[in-house]
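> Sharing a structure here in structure tokens format.
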Amino acid sequence: MHIEREPEGVRAASRAWRRSGECVGFVPTMGALHAGHLALVDRARAEGATRVIVSIFVNPTQFGPHEDLAAYPRDLEGDSDKLRAIGVDLVFFPSVAAIYPDGAETFVTLDRLPEHLCGLSRPGHFRGVATVVTVLFNLVEPDIAVFGEKDFQQLRVIQKLVRDLHLPVRIVGAPTHREADGLARSSRNAYLSASERQSALCLSAALRQAQARVTDGDRDAATLIAEMITLCTDAGGRVDYVAVVDEDSLDAIACIDRPVRAILAVFIGRARLIDNARLVPRGGPETLDTPGTRP
Ligand code: PAF
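Per our numbering, the very first residue in the sequence shown carries number 1; after that it's consecutive.
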């Protein structure tokens, strides 16, 4: 497995593979890799990728001034071992200067999608995500790119920017990967103490409760949201937001009369955790991912 630091190097490797008829899959990450990331690699292959490139880049432009950029877990050696073990072809590990040339002043912004949910709590976050993902797509030139559904708003932002800018890449969303007790896998789970990890189960518990209510016939989003907030607060969480939204526009929904997305962000200690699930009114399939599911 080759570790490439230079933009021209990753582009040359990807172009050579594509010229010889291979299908290049891409999994962008910020490192601190866990089983959820590895499942994204599996998914790229299941979608037809014959070569897989993983980028590891802790992107400074998507962190706010008081967020965890400096503390974000970094472990290139451990990450490389995991990626080598599952046969990843190339790891792109650029420096900040390689991604953002000196004096860079061009950013990719979306008008509407960031004006919801995490975008409201983290101003500038999706501008940073949209910009770095566009740069990475320009360098890697993948046929397929895979993103986890845990970052549901991010997935929608990327799908939209690819559509709006006519980028020649197919975006695949992969189900949230969970630990056996339901906790969604996240690099930020590393911040949790043992007791905080227990509290963190409130996110998936709140989503399961909401799904059960909807299956029972409840339709009122405000009631569900209030119950989810109570569950998280009682568990010791500090709720950033809980919302029930349209799956495409991310606009708030009042009456759950079709499949919608319940989505929440909760601080557990210093970790800001997010999770989401599809809520399907009675008669629809159960969709909160089962623990440990690999897509
Ligand atoms: O989801 C992430 O890890 C990051 O937001 C991404 C997509 C790699 C962009 O930095």
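In this text, a Cβ means the ideal position worked out from N, Cα and C, and glycines have one as well.
1. If Arg261 sits next to Phe152, beta carbons under 8 Å apart, how far is it from one beta carbon to the other, in whole angstroms?
2. Could you check which residue in Ala252, Phe147, Ile274, Glu141 has the C-alpha nearest to that of Ala205?
3. Since Ile227 is in the alpha helix (DSSP H), which residue starts that stretch and which ends it?
4. Tell me which same chain residues have a C-beta within less than 6 Å of the C-beta of Val52, skipping the five on either side of it?
5. Hey, quick one: how far does the alpha helix (DSSP H) through Val41 stretch, first residue to last?
6. Cβ of Leu192 within 8 Å of Cβ of Gly269?
7. Cβ atoms of Ala277 and Gln209: under 8 Å apart, would you say?
8. Is it buried or exposed for Leu203, if we count other Cβ within 10 angstroms and need 16 for buried?
9. Quick check: does the Cβ of Pro28 come within less than 7 Å of any heavy atom belonging to the ligand PAF?
10. So within the segment 99-128, which uninterrupted alpha helix (DSSP H) runs reach at least 4 residues, ignoring any that extend past its ends?
11. What three-state label does DSSP hand Thr215 in the structure shown?
12. If Pro23 and Asp143 are in contact, beta carbons under 8 Å, what's the gap, nearest whole angstrom?
13. Rank Val54, Pro28, Gly36, Leu33 by C-alpha distance to the C-alpha of His2 and give the top, closest one.
14. At the level of alpha carbons, what is the spacing between Arg18 and Leu167?
15. Just confirm the distance between the C-beta atoms of Leu136 and Pro28, as a whole number of angstroms; I'd bet it's less than 8 Å.
16. CB Gly31 to CB Arg74, shorter than 8 Å?
17. Taking the alpha-carbon of His37 as reference, which of Ile263, His177, Ala104 has the nearest alpha-carbon?
18. For the beta strand (DSSP E) holding Ala85, just list the boundary residues, first then last.
19. Pull up the CB-CB distance for Ile253 and Val245, whole angstroms please, since I reckon it's below 8 Å.
20. Run through DSSP, which three-state label would Tyr72 get?
21. Under 8 Å by Cβ, that's how I've got Asp272 and Asp240 pegged, so tell me the actual separation to the nearest angstrom.
22. With DSSP collapsed to three states, give me the class of Asn276.
23. Ends of the beta strand (DSSP E) at Glu179?
24. Taking all protein chains shown into account, do 16 or more other C-beta atoms lie within 10 angstroms of the C-beta of Gly356, making it buried, or fewer, making it exposed?
Based on what the coordinates show:
1. 6 Å between Cβ atoms; contact.
2. Restricting attention to Ala252, Phe147, Ile274, Glu141, the CA atom closest to the CA of Ala205 is found in Ile274.
3. Here residue 227 turns out to be Glu, not Ile, going by the sequence shown. Counting along the chain, the alpha helix (DSSP H) containing Glu227 begins and ends at 221-234.
4. Closer than 6 Å at Cβ, skipping near neighbours: Gly25, Val41, Ala44, Val88, Asp89.
5. 35-46 is the extent of the alpha helix (DSSP H) around Val41.
6. A contact, by the Cβ cut-off of 8 Å.
7. Annotated as distal: Gln209 and Ala277, with beta-carbon spacing of 8 Å or more.
8. Classification for Leu203: buried.
9. Short note on Pro28: C-beta closer than 7 Å to some heavy atom of the ligand PAF.
10. Runs of the alpha helix (DSSP H) inside the segment 99-128: 117-121.
11. Helix.
12. Note on residue identity: the sequence assigns Cys, not Pro, to residue 23. That belief holds up - the Cβ atoms of Cys23 and Asp143 are roughly 5 Å apart, short of 8 Å.
13. Among Val54, Pro28, Gly36, Leu33, the Cα nearest to that of His2 belongs to Val54.
14. Straight-line Cα distance between these residues: approximately 16 Å.
15. Contact between Leu136 and Pro28 holds, with the beta-carbon distance rounding to 5 Å and staying under 8 Å.
16. Gly31 is a Cβ neighbour of Arg74, given a cutoff of 8 Å.
17. Nearest C-alpha to His37: His177.
18. No beta strand (DSSP E) contains Ala85, which is instead part of the alpha helix (DSSP H) from 76-85.
19. In this structure, Ile253 and Val245 form a Cβ contact; the two beta carbons are roughly 6 Å apart against a cut-off of 8 Å.
20. Secondary structure at Tyr72: coil, using DSSP grouped into helix, strand and coil.
21. Looking at the sequence provided, one finds Arg at residue 272 rather than Asp. The pair is a contact, with the Cβ atoms about 7 Å apart (cut-off 8 Å).
22. Annotated three-state conformation of Asn276 is strand, per DSSP.
23. Looking at the DSSP string, Glu179 is not in any beta strand (DSSP E), and its letter there is neither H nor E.
24. Because the chain here runs from 1 to 295, residue 356 falls outside it and cannot be looked at.
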